[in-house]
Structure formats: C-alpha cells, structure tokens
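Have a look at the structure below before the remarks.
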Amino acid sequence: MLWSKLFIPTLREVPAEAEVASHQLLLRAGYIRQLSAGIYTFLYLAQRSLKKIQTIVRQEMDAMGAQEISCPALNPAEVWQESGRWDVMGDNLFRFKDRFGRDMCLAMTHEEVITVTARGELRSYKQLPQVWYQLQTKFRDEPRPKSGLLRVREFMMKDSYSFDMDQAGLDAVYDKHYKTYCRIFDRCGLEYTAVDAHSGAMGGSQSHEFMVASDAGEDFVARCPGCGYSANLEKAISIPAAPAADDPAGDLTPEEFPTPGQKTIAELAAFTGLPETSQMKSLVVVADGKPALILVRGDHQLSETKAGAILNDPEFRPARPDEIRQWFGADAGSLGPVAVKDVPIFADRALVGRRNMIAGANKNDAHLRHVTLGEDFQAELHDVRQVVAGDACTRCGAKLEVIKCVEIAHIFKLGYKYSEPMGLRVLNAEGKEVTPIMGSYGIGIGRILSGVIELHHDKDGMILPPSIAPFEVVVTPANNADAAQMDTARAIYEECLGLGIDALLDDRDERPGVKFKDADLIGVPFRVVVGKKLAQGLVELVERKTRTAADVASAEAPRAVLARLGR
Ligand SMILES: [Zn+2]
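Heads up, the sequence shown is in the working numbering, so the first residue is 9 and it goes up one at a time.
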C-alpha cells in the first residue's frame, strides 16, 4: 500500500481523555476513534491488525478440530429466561423491546443460544464430541467503560462451546483449548500467565483466566516467583504473614474497655497501641435474606468470592446499618463474636491458634480484649481472606507477589449447568437418554491487541510483533525529490510484495523525521530507509524493537527483511 493514499490520522499530542498506554497509542497512531463511551470505530490500521489476530485464532481453532459457526447477536429473552441468566446478568445485559413489545437483548455470551441450537439438533452419542466456535460481536453495558479497547460495550470475541458424553471428554477438550490458547498468544507475541480462576456468572467446576500483567488492568493475580503458582486474587491461597505482635499468653477472660469514637481497625490500633494483626475484624453480611457474621484478622480483607462460596450465595451483600443495629444492638465499628446468638459465625483460618485478641463488644464505643476463638465463642472455620503480597506460598514457601492484570481470555468447565436445565439430551450406546457435558471458552480479540501494546511500547509508539502489526515493513525514501531514491524505494517495496511481505511504501511528501516518527508510532517492526547512502548502493534496515540499524545492499534489502521476519 502507498501511505500517501491511506487514511492514517496520527496525532502528535497525547489525547487528554486517554489514561492507559494502549488507549493513548491507539488514538495517537490513528488506529481507533471513539464514537461514544466504550464504543469505537476501528480505522484501517486497527482493522488490519485485528484481522491478523483473527486469522491466527481461526488457524489454531481449526487445527484443534473446532468448527466455525456464527450465532446471532440479537436474542429473544426466552432463551436467557430458560437458563435463569435474564435475571442474573442484571444491568450488564443490553435489553429492549421489539415492535410487538417482546423482550429482547444483545448477547454478551452465547451459552444459551448454543445450548438451544444443540438441543434441537443433537440426537445421539455418535454425534459427540462437538466443538463449535465463532468470531462475533458481543455487547455488554459496562458501568465504567474506559481504557480504550480494554473495557468496552461492544467487542469482538472468539467464543467456543464443547459438548461431550462424559467428564473425561470435557477434560480433554478443555486441555486442548488451554494449549490452543497458549499457541495463539505465543503467535501474537503476548506474554501471559494462566491462572486458576473463579467461574463467576458462567458457573461450572473449573476455570482458568489468561492474564497479561498491566497497570491498566482491574484484576489482581497472586503469583509465586518460587514455583510458578498463580491464581486470581479472589481465589488465591497462602500462608498468612505472622502477626506483628505476640498475643498475650494465658487463659484470660474477655474484658470490656471503653473505646470512644474508635471505629476503624486503624483507629483502634492507634488507640490501643497494638497492631492491626491483634484485632478481629467483624463483617456482617446478608446471605439468602439471613444475617451472618464473618471474622478476619484486622489487617486482612474478605475475599467476596470465597465468602460467596461458603455462604452458598454469591449474591450476598453487606448488612445495612439498621439491620446491624437490630441484630447486634450496636453499630459497625463495635461489633464482635462474643455472646452472639442466632447469627452463624464464620472465622478465617488465620485466627486459628491465636489467643486474647481484640474484638468489638456489640456495644457502641466499647471493645473486648482477651477474646479467643474456640473458647470465648465458636465459629465455622474457612479460608475467607484475600491473599496479600508477602504471604508465603502454600506449595514452596516463597513470598507471593500480587500483580495487576488484564484478562485476555477465560475458559470454563460448565459441566451440566446449561445442558441439564435447558433439556439437552442425547441417546447413549444403550439407547438411554443422557445429558451431554459442556465447556465454554472465550478470547477478547481487541484485548489481545491492547495487551500487546500495553506490554510492548515506548515513548515513541507501539512495538508490535510482525505477526499482528498492520504492516511488516515500511520502505521510506528519505527525499521524494531524489528520483534515484524514489525509484529504488519503489523497487524494494514491489519486490517485498512479491516475496509475500506485507509492505508499505511511505511515499508521502514529508520530511524524513516526520516519516520516521509516524512509522515508529504505528509500530511497524522493520523500516528500510533509502537515503544518501544509496550513492554507495546501500540502504538502511532498522528494527523498531531494538532500534538497531544495519546497512545492506539495496538489491539485497527485500531478502534481508524476509530473513529478519524468519521466513
Ligand atoms: Zn511457590
């Protein structure tokens, strides 16, 4: 392509509305333009990159034996009502009524549609296993659309769905997806971590997220530098750091003391002169309409995912002030487990073995010292806390790190969550009706591009790998007015095309500095500069990533580019 004929609206200034690097660069490099919050138009360069990513995804999905299909984005409410997710998805689902007043939505995922389709078609075990995939536009009414392509309301996903006769079949196809995803990300030049994850609204027994480390992310991952253990922070486990002070020894009985106006853990630590680790933090929640008291160490945070699992209600909520007063006779800030009746108590395991701690007295402006779990009150014991950086790894003892990440992909063993209630049945070899077991697997296509940019950029622009860059090489005559330079540049460009290299000729009548800056900004991996050295028969081959330049004979340039591309 000739740059002079293309629409590549690069910007010199960093757009004020963009905070994260990938968003800034996608705007500056003329890849995307925002139509409305979380809704973007992909201009020419973005579309070229995204198509390359889609091609890699298709090749790898085809190679694992998956079949490409395409489901409608426009869904009737009935299929979502059947699965129960019409209610579960809440405000995230775009809903509206058609002209006849029927409820409709724009799909954010396709478990329902796929299950309904399979239910109508699959009859026999002989038709299984099946893996169906699509590259399709999804909609999600994000509460806070931001960060460019990382948190959007309309996005392209590769999603696939598997149907198997048994758990062993599901395990095998799940593993295949895992490996296929690793190959896709490797080919896209994306460094990632696969982490043990929570299934969330998808349901099912096992799931992994593929995460890319980035400050732009909103997910946190606990990672062990010692053994490689990694998990979503909500699910991660660890050995907590030791308390900052030893507990008072002895069989002491709880003793009330006044704490006027001291409500938070930090205030109480300053007031008592004892560290936060000496306190029990009391959290009152409402699960299934009933109160529960959850205790964690003063310096620890509750993992909502773990708590949801223990309470058997992922939708549990914090109790309201009036509810707390009614059940405990005191306000938040003075609550504790001693003498609590008719409210189940759940204690985090980090409190086990501790003695004579501080807890609220269930009386405003008062606390108790010398509170011991198992002696002064009884509780159900669970791991309900969130891991913190510096905790010890349960496998190898090394100190865990907590890093910010962007989720690029998520795979789920759905089990029978959709097939069972939605009535998907096939006949087995004995002629008996059985329910197939399902899996679901998704990759965010735009997030791959954003993730690569987050990881690979510098102050001058994107540093894209050739596999997903909009062009592999840009051929740049330094001076358009020099006929020899222009002719040679054109010849190199055409020979590159002939060799199957995705080449761009920067034939714009601009100063060389402007051309170089733009090429760096849009992230083209290689640049061939045809300049003054042409008098000695030489051109310059520059690599964007390393910024190294080498002189090559102009006639050799196309082959040199091909070699650098590893072809
Ligand atoms: Zn470890």
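Glycine included, every Cβ here is placed at the ideal spot set by N, Cα and C. Note that the structure is a prediction, hence the values are computed from the model and not measured.
State the Cα-Cα distance for the pair Arg195 and Ala397, rounded to the nearest angstrom. Cα to Cα, Arg195 sits roughly 32 Å from Ala397.
Does the separation of the CB atoms of Asp174 and Ile445 fall below 8 Å? For Asp174 and Ile445, yes; Cβs fall inside 8 Å.
What is the C-beta distance between Ala8 and Val292, in whole angstroms, given that I count them as a contact (C-beta under 8 Å)? What is shown of the chain runs 9 to 575, which leaves residue 8 out entirely.
Terminal residues of the beta strand (DSSP E) in which Gly195 lies: The amino acid occupying residue 195 in the given sequence is Arg; Gly does not appear at that position. No beta strand (DSSP E) holds Arg195; the alpha helix (DSSP H) holding it covers Gln175 to Arg195.
Count the other C-beta atoms from every protein chain shown that fall within 10 angstroms of the C-beta of Lys60, then say buried if there are 16 or more, exposed otherwise. Label assigned to Lys60: buried.
Lys314, buried or exposed, once every other Cβ within 10 Å from all chains shown has been counted against 16: Its Cβ being crowded by 16 or more others within 10 Å, Lys314 is buried.
If we count the other Cβ atoms within 10 Å of its Cβ and call it buried at 16 or more, is Thr145 buried or exposed? The residue in question, Thr145, is exposed, as its Cβ has fewer than 16 Cβ neighbours within 10 Å.
Over the uninterrupted alpha helix (DSSP H) stretch that includes Arg572, give me the two end residues. Arg572 -> alpha helix (DSSP H) spans Ala565 to Arg572.
Heavy atoms of ligand 1 versus C-beta positions, residues under 5 Å: Matched residues: Cys232, Gly234, Cys235, Tyr237, Cys401, Arg403, Cys404 and Ala406.
Helix, strand or coil at Gly306 [DSSP, three-state]: If DSSP states are grouped into helix, strand and coil, Gly306 belongs with coil.
Rounded to a whole number of angstroms, what is the C-alpha to C-alpha distance between Ser12 and Asp517? The alpha-carbon atoms of Ser12 and Asp517 are separated by roughly 8 Å.
Run through DSSP, which three-state label would Thr285 get? Helix, per DSSP.
Checking 8 Å against the spacing of the C-beta atoms, do Gly452 and Ile416 come in under that value? Yes. Within cutoff.
Taking Cβ positions only, does Asp399 come closer than 8 Å to chain B? As a matter of chain content, chain B is missing from the structure shown, which is built from one protein chain.
Touching by the beta-carbon criterion (3+ pairs, under 8 Å), the region 469–481 and the region 239–246: Cβ pair count under 8 Å is below three, so no.
On the DSSP bridge assignment, give the partners of Leu389 in chain order. Note: Leu389 sits in a beta bridge opposite Ala355.
Could you round the C-beta distance between Ala340 and Leu319 to whole angstroms and report it? I think they count as a contact, below 8 Å. Actually they do not touch by this definition, with Cβ atoms about 18 Å apart.
Taking Cβ positions, are Asn83 and Asp149 nearer each other than 8 Å? No.
Count the CB pairs spanning the region 240–254 and the region 378–396 that are closer than 8 Å, and state whether there are at least three. In short, these stretches touch, since the Cβ pair count reaches three.
What three-state label does DSSP hand Val160 in the structure shown? Looking at Val160 - three-state DSSP - the assignment turns out to be coil, as it is neither helix nor strand.
Just the C-alpha distance for Leu19 and Arg159, rounded to the nearest angstrom, thanks. Leu19 and Arg159: Cα-Cα distance of roughly 23 Å.
By a C-beta neighbour count over all protein chains shown, 10 Å radius and 16 as the cutoff for buried, is Gly431 buried or exposed? Classification for Gly431: exposed.
Could you tell me whether the region 93–113 touches the region 401–409, where touching means 3 or more Cβ pairs closer than 8 Å? In short, these stretches do not touch, since the Cβ pair count stays below three.
At a cut-off of 7 Å, would you count Leu570 as near ligand 2, judging by its Cβ distance to the nearest heavy atom? Ligand 2 is not part of the structure shown, which contains ligand 1 as its ligands.
Does the Cβ-Cβ distance between Asp167 and Tyr449 come in under 8 Å? Cβ distance < 8 Å, so Asp167 and Tyr449 count as in contact.
Proximity below 8 Å, CB of Glu217 to CB of Leu463: With respect to Leu463, Glu217 sits apart: the two C-beta atoms are not nearer than 8 Å.
Within the continuous alpha helix (DSSP H) that includes Lys271, where are the two ends? Run containing Lys271: none; DSSP gives neither H nor E here.
Cβ shell of His206 (< 8 Å), same chain only, five flanking positions each side left out: Result list for His206: Ser215, Asn240, Glu242, Lys243 and Thr313, in chain order.
Nearest residue (CA-CA) to Ser458, options Ile476, Val442 and Leu303: Among Ile476, Val442 and Leu303, the Cα nearest to that of Ser458 belongs to Ile476.
Taking the alpha-carbon positions, what's the Ala278 to Thr272 distance? When only Cα atoms are considered, Ala278 and Thr272 end up about 10 Å apart.
Given Arg363, which residues of its chain have a CB within under 6 Å of its CB, disregarding the five upstream and five downstream residues? Counting only Cβ-Cβ distances below 6 Å, and skipping sequence neighbours, we find Asp255 and Thr380.
Using CA atoms only, rank isn't needed, just tell me which of Glu68, Gly225 and Ala274 is closest to Cys190. Scanning Glu68, Gly225 and Ala274 for the CA closest to the CA of Cys190 turns up Glu68.
Please classify Glu587 as buried or exposed, where buried requires at least 16 other C-beta atoms within 10 Å of its C-beta. The chain is shown only over 9 to 575; residue 587 falls outside these bounds and no answer can be derived.
Among Met116, Met112, Gln142 and Ser170, the one whose alpha carbon lies nearest that of Leu136: Scanning Met116, Met112, Gln142 and Ser170 for the CA closest to the CA of Leu136 turns up Ser170.
Less than 8 Å between the CB atoms is what I'm expecting for Lys384 and Pro262, so what's the real figure, rounded? First, the residue type needs correcting, since residue 384 is Asp and not Lys in the sequence shown. Yes, they are in contact, since the Cβ atoms of Asp384 and Pro262 sit about 5 Å apart, within 8 Å.
Smallest Cα separation from Met219: which of Asp204, Cys232, Val181 and Pro233? The shortest Cα separation from Met219 among Asp204, Cys232, Val181 and Pro233 belongs to Asp204.
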